[in-house]
Structure formats: structure tokens, C-alpha cells
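Enquirer:
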Amino acid sequence: MYELTALILLVVMGLALVRAFLGPTLYDRILAVNNFGTKTVLLIAILGFLGGRPDFLDIAIVYALINFISIIAVLRFFEYSSKRPMDEES
Amino acid sequence: MTALAITRMNDLFAVVMLSGIYSLMSAGFFLDLDAVDVAFTEASVGAGISTLLMLASLKMVKRYEGKTKYKPMLALGVVGATALLLIYGTLDMPHFGSADAPIHQHVAPRYINDSMAEVGVPNIVTSILASYRGYDTLGETLVIFTAGIGVMSLLRVSRETKDQQQKRVPADMQQQIILRIVAKMMLPLILLFALYVQFHGDYGPGGGFQAGVIFAAGIILYTMLFGLSTARLVFKSSLLQKLTAVGVLLYAGVGVACMLLGGNFLDYNVLRHDPVHGQHLGILLVELGVGITVATVMITLFFKFTWRTVKHKYIEQ
Amino acid sequence: MEVLFDIISWVCLVSGSFFCLTGGIGLLRFPDFFTRIHAASLTDTLGASLILVGLMFQAGWGLVFAKLLLILMFSLLAGTTASHAMAKASLKSGLKPLESDDAEKDGVPEGERPSQQ
Chain E
1 MYELTALILL
11 VVMGLALVRA
21 FLGPTLYDRI
31 LAVNNFGTKT
41 VLLIAILGFL
51 GGRPDFLDIA
61 IVYALINFIS
71 IIAVLRFFEY
81 SSKRPMDEES
Chain B
1 MTALAITRMN
11 DLFAVVMLSG
21 IYSLMSAGFF
31 LDLDAVDVAF
41 TEASVGAGIS
51 TLLMLASLKM
61 VKRYEGKTKY
71 KPMLALGVVG
81 ATALLLIYGT
91 LDMPHFGSAD
101 APIHQHVAPR
111 YINDSMAEVG
121 VPNIVTSILA
131 SYRGYDTLGE
141 TLVIFTAGIG
151 VMSLLRVSRE
161 TKDQQQKRVP
171 ADMQQQIILR
181 IVAKMMLPLI
191 LLFALYVQFH
201 GDYGPGGGFQ
211 AGVIFAAGII
221 LYTMLFGLST
231 ARLVFKSSLL
241 QKLTAVGVLL
251 YAGVGVACML
261 LGGNFLDYNV
271 LRHDPVHGQH
281 LGILLVELGV
291 GITVATVMIT
301 LFFKFTWRTV
311 KHKYIEQ
Chain U
1 MEVLFDIISW
11 VCLVSGSFFC
21 LTGGIGLLRF
31 PDFFTRIHAA
41 SLTDTLGASL
51 ILVGLMFQAG
61 WGLVFAKLLL
71 ILMFSLLAGT
81 TASHAMAKAS
91 LKSGLKPLES
101 DDAEKDGVPE
111 GERPSQQ
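Chains as they are written, first to last, in full-length UniProt numbering: chain E, 1 to 90; chain B, 1 to 317; chain U, 1 to 117.
(1) If we count Cβ pairs, one from each stretch, closer than 8 Å, do we get three or more for the region 297-304 of chain B versus the region 207-226 of chain B?
(2) Please decide whether R19 (chain E) counts as near chain B, where near means a Cβ-Cβ distance under 9 Å.
(3) Using only the alpha-carbon positions, how far apart do L256 (chain B) and G208 (chain B) sit?
(4) Return the Cβ separation of A45 (chain E) and I8 (chain U) in integer angstroms, given the expectation that the two are a contact with Cβ distance under 8 Å.
(5) Touch check for the region 51-58 of chain U and the region 2-19 of chain U: three-plus C-beta pairs under 8 Å?
(6) So V41 (chain E) and A64 (chain E) are in contact, right, with Cβ under 8 Å, and what is the actual spacing, rounded?
(7) Quick one: grab the DSSP three-state call for I59 (chain E).
(8) Any idea if T90 (chain B) is buried or exposed, counting beta-carbon neighbours within 10 angstroms, 16 or more meaning buried?
(9) Just checking: is the beta-carbon of L47 (chain E) within a distance shorter than 9 Å of some beta-carbon in chain U?
(10) Check whether the Cβ atoms of V248 (chain B) and T141 (chain B) sit closer than 9 Å, and answer yes or no.
(11) Starting from F199 (chain B), follow the alpha helix (DSSP H) in both directions and report where the run begins and ends.
(12) State the DSSP-derived secondary structure class of M54 (chain B), mapped to helix, strand or coil.
(13) Using the Cα positions of A78 (chain U) and A39 (chain U), report the straight-line distance between them to the nearest angstrom.
(14) So if I threshold CB-CB distances at 9 Å, which residues from the region 63-77 of chain U count as touching chain C?
(15) Mind pulling the chain U residues with CB within less than 7 Å of L179 (chain B)?
(16) Does the beta-carbon distance from A16 (chain E) to T51 (chain B) come in below 9 Å?
(17) Work out the CA separation of L192 (chain B) and V286 (chain B) for me, nearest whole Å.
(18) Count the other C-beta atoms from every protein chain shown that fall within 10 angstroms of the C-beta of G150 (chain B), then say buried if there are 16 or more, exposed otherwise.
(19) Could you have a look at K96 (chain U) and say whether DSSP puts it in helix, strand or coil?
(20) Just to confirm, are A47 (chain B) and I66 (chain E) a CB contact at a threshold of 9 Å?
(21) Is the shortest distance between the beta-carbon of T25 (chain E) and the beta-carbons of chain U less than 9 Å?
(22) Starting from F30 (chain U), trace the alpha helix (DSSP H) both ways and give me its first and last residue.
(23) What three-state label does DSSP hand K236 (chain B) in the structure shown?
(24) Please compile the residues from chain U whose C-beta is within a distance smaller than 7 Å of the C-beta of V182 (chain B).
(25) I'd like the span of the alpha helix (DSSP H) that includes T25 (chain E), first residue to last.
(26) With DSSP as the reference, label G47 (chain U) as helix, strand or coil.
(27) Compare the C-alpha of P31 (chain U) against each of E:E3, E:R19, E:G37, E:K39 and name the closest.
(28) Could you check whether A147 (chain B) and F305 (chain B) sit closer than 9 Å to each other, using their CB atoms as the reference points?
(29) At which residues does the alpha helix (DSSP H) containing G62 (chain U) begin and terminate?
(30) With distances taken from CA atoms, which of U:L4, U:A48, U:M1, U:E2 is nearest T22 (chain U)?
(31) By DSSP, does L261 (chain B) sit in helix, in strand, or in coil?
(32) Chain E beta carbons: is any one of them nearer than 9 Å to that of M224 (chain B)?
(33) Tell me, please, whether the CB atom of L221 (chain B) is closer than 9 Å to any CB atom in chain E?
(34) So what's G20 (chain B) in DSSP terms, helix, strand or just coil?
(35) Assuming A216 (chain B) contacts I49 (chain B) (C-beta within less than 8 Å), just tell me the rounded distance between them.
Right, here's the structure in full:
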């Protein structure tokens, strides 16, 4: 059962990564990276149970923290630094 | 593949994001190899702090990379040749994971079999890092310390005056009320978790480096949401400078104390009557020193970088 | 009791991964940013919570349970807040939600047009 969940999470991470590469606007990329991060947290938790080593949960917590903080950092960076319109960026 | 994309991209911001993803992936590889501590460090340092610091420094420079004026073919050739040599070198090495590799014959069994009796710490990585290889870790802490000093002296061009200290920089994210409140709720959790990682390093993955980075990340979150001036009320730069030095001093001081008590430098056995207790105490103190230094250096770096970018707001006022 | 817990946790895991999968597909296939954030954040909250609850049933009482609870609380707080902050920032930067004139024709009722704040 863990295997199935882990597999699905990997697929979702792949989808998010594709969106991060494609993403027409900047915020699509940020959203995709955020989604990637939350899925990584879940994947690590699942892997910990799969391998029978719940130590991994510490890493999952760190990922959750880091993910949140970096998303905020990115938003702050963009909201207040550049005045250029960012509707379309390559 | 992500690394390739990084080198090809002109947009520095996308590069930062992708390198974050890249280090998440490599942390995944470390997890696969069962190296929990390494994965922990990679997650907190590689994906977390370095992304934050890169973003902060990105604010100072332009977002798009300048055009390169020369073709770096020679450099590519040198790098390629080195890589080929290195790969050739690995051919000589014993097969990955084979039992008769020299590393499995010589020191590793001693670490694995005897560290419980000699050091008494369940997490072998911690006992190797802080006890058997205490010199190396001291060196690493000194490297971080030196980097902090370097940044402090390079970016010291503009000291804030008394006048500027009176005025307060308005916080950037004033409008994000929900964000601020949630961050306020989460900040104690983050700091508590950092302390847990710090003092639980003996038993699970963790230790001074990771704890310091997580602590610094919490402070950076606060700084981003509530403004540099508010954060500076708590972490004055003089306090930060002193704490940075105190961390290294604590580490080296433990070593000197061991010498005074009749042992070798960083030989914790003599700290208490019982060698195992001595080891415990020594590792705890040493990790604390590492944690303090790492946290303060990271906070200092972030403050210095941010200070450069908010400086103009004073002038406009 | 053991079997009951196993069944509950399996149901949670499977439904959680189903929600995650739909969220991922929505993230890839939806036409503009606001619909995408809708797909991603809502399913993310539900899916992640379900998977974590499923793991909790497997873990039993103890430190592991407490850590899972911490992750759950954290992801509930951080995920929703981050989505909110993203939507707000993008709206402020001038990204307009996609509004089609023939929304009724597509079967989208008036109230459900993408207009998150």
C-alpha cells in the first residue's frame, strides 16, 4: 500500500515539475515548486514507513518548514523588488 | 537534467528556484543511500538557507545575467579532462558496496562496533563527527566563522548612524495580515524544533549545523515579515558578533579544558570521572558551540544583505 | 482492532493519493493561474491530511505520532497560508483571473467563476 502511494506521489511530483518548466507566468512556477515541496514532505514520510525508519520524519518536518519559508521569501522578492510587468516572462 | 537547465538559463531567478529543486532531489538520493544525517543537512542548508541567501543577494544585482563576452571552450576542456581523470580513478576503487573495500576493513568496524562503548551515543554519525573527528569539525566551524567575518568586513561600507536607528524601516509585507499572524503562530514551533534537533542529535539525525540553520531560518522568516528594524531590536549586531565568537570559543574552550584536566585536546574522556559521561558532556557542549556559530553567522549574512537593499529607504525619507 | 486500523489507514492512504493525483493533473491541465492554484491547494490540503492521518494509524502512539501530528498541523497552516499569499501577490501584480463571457454556456454558474482573493 505504501508503494502505491509513493508511486502516485512521484507521478504528481513529475506533473508539478513539468508545470514548473512550462509555467507561462512566474506564479505558476512558484505554485508548482510549492506543490513539489509538499509532495516531497509526504513522500519522505511514506519512505520512512516503507523502510521502517521513522527517523525520516525529522527531515520531513524540515522540508515543510523550508518550503514555507522559501515560498514567502520568493513572494517578497517579487512583490517589492521589480516594477516590471510580469504577466509574460520567458 | 535540472543541472543542465540551470547552466542554460539566463534568468537568474529561475536558476535559484531550480537549484532549490535540485538540492531537494539530491537529498532524496542521500535518503536512498540511508545517509539520514547527510540528507538532513542537504535539506536544511542546500534547499533552505542557500536559496534564501541567494534570493537576498539577487535583490542587489540585476535579475538577468549579462551576456558573456568570450567562449569558455578552454575551461570546458579542462573540466572535461578532469572529469575523465576522476572517472578513470574510480575504476581502481573497489566495487560500490563491496565488503572488502579498505574503508570497511579498517576504521568503519571500529566506529560501528566500539562507538557505543567508547562514546555512548546511539547516533554513530554524531559520535564520529564530534568525537573521533573533533578536529575536522572544529575546522569546519572556523571556516564558517571566517566566512562570517569576511562578509561583515566587506559589507561594512555603510554603518547606520544614530539618526537612522531612530527611524524604523517599514516592514515590507505590511498588507499580508494572514501571513503575519500565521507566521507568528509558527515561529515558536520552528525555534522549538531547532532546539529539539540541537539536543536530540545524540539519538537521531541532527546536530549543531542543522539546528543552527533551522534557527536562522526562523529568524529570517520573522525578519521578512516584520521588517529588519524589528528583528534588529532583538538581534543587535554587536550581540550577533559576540555570539559568533562565543560559539567558536565554546568549542575550542572544551578542548582546552580537556587539556587542563590532563587529556589531549578535545579528548572528552577526562571531563567527568566516567569516560562515557565525559563524552556526552563534551559532545553536547561542542554541538552547542557549532549551533550558536552557524545560527549567528547565517543571521548576520541575511541582515547584511538585506541592509544593503533597504538602505535607500532611509535616504528617501 | 489491528485489522480495523489497517483498513482505515489503507482507505485514508488510497483516497489521499487519489486527491493528490487529481490535484497534480489539475495543476498541469487547467487553463490559467487561478484555476491551477484552486486545483493544487484544495486537493493538496485534503490529500496531504488524509495521507498523514493514514500514516498516523500505522504509527500508533508515541514520538512518531507526535511528529506526524506536527507535520499535519504545519502543513495545514503553511499550505493554506502560502496559497493565500501566492494568490494575493499575483492579483496585486496585475494577473487577472480568466473570465470567459460564455461562462453559463460552459456550465459554470455565476458564483463559481475563478475569483479567489
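Ideal placement from N, C-alpha and C gives every residue a C-beta, glycine not left out.
Expert: Taking the definition as stated:
(1) yes
(2) R19 (chain E) does not count as touching chain B.
(3) Rather than Leu, the amino acid found at residue 256 (chain B) in this sequence is Val. The alpha-carbon atoms of V256 (chain B) and G208 (chain B) are separated by roughly 20 Å.
(4) The Cβ separation is near 17 Å, so there is no contact.
(5) yes
(6) 5 Å
(7) helix
(8) exposed
(9) For L47 (chain E), not one C-beta of chain U is nearer than 9 Å to its own C-beta.
(10) yes
(11) Annotation for F199 (chain B): the continuous alpha helix (DSSP H) segment containing it runs 177-199.
(12) helix
(13) 17 Å
(14) Here the protein chains are E, B and U, and chain C is not one of them.
(15) Here the neighbours are T81, A85.
(16) no
(17) 20 Å
(18) exposed
(19) coil
(20) yes
(21) By the rule that beta-carbons nearer than 9 Å mark a contact, T25 (chain E) touches chain U.
(22) Run containing F30 (chain U): none; DSSP gives neither H nor E here.
(23) It is coil, neither helix nor strand.
(24) The contact set of V182 (chain B) on chain U, defined by CB atoms closer than 7 Å, consists of L77, T81 in chain order.
(25) Boundaries for T25 (chain E): no alpha helix (DSSP H) harbours it, and the DSSP string shows neither H nor E there.
(26) helix
(27) E:R19
(28) no
(29) G62 (chain U) -> no alpha helix (DSSP H), and no H or E assigned at all.
(30) U:A48
(31) coil
(32) At least one chain E Cβ lies under 9 Å of M224 (chain B).
(33) yes
(34) helix
(35) The Cβ separation is near 7 Å, so the contact holds.
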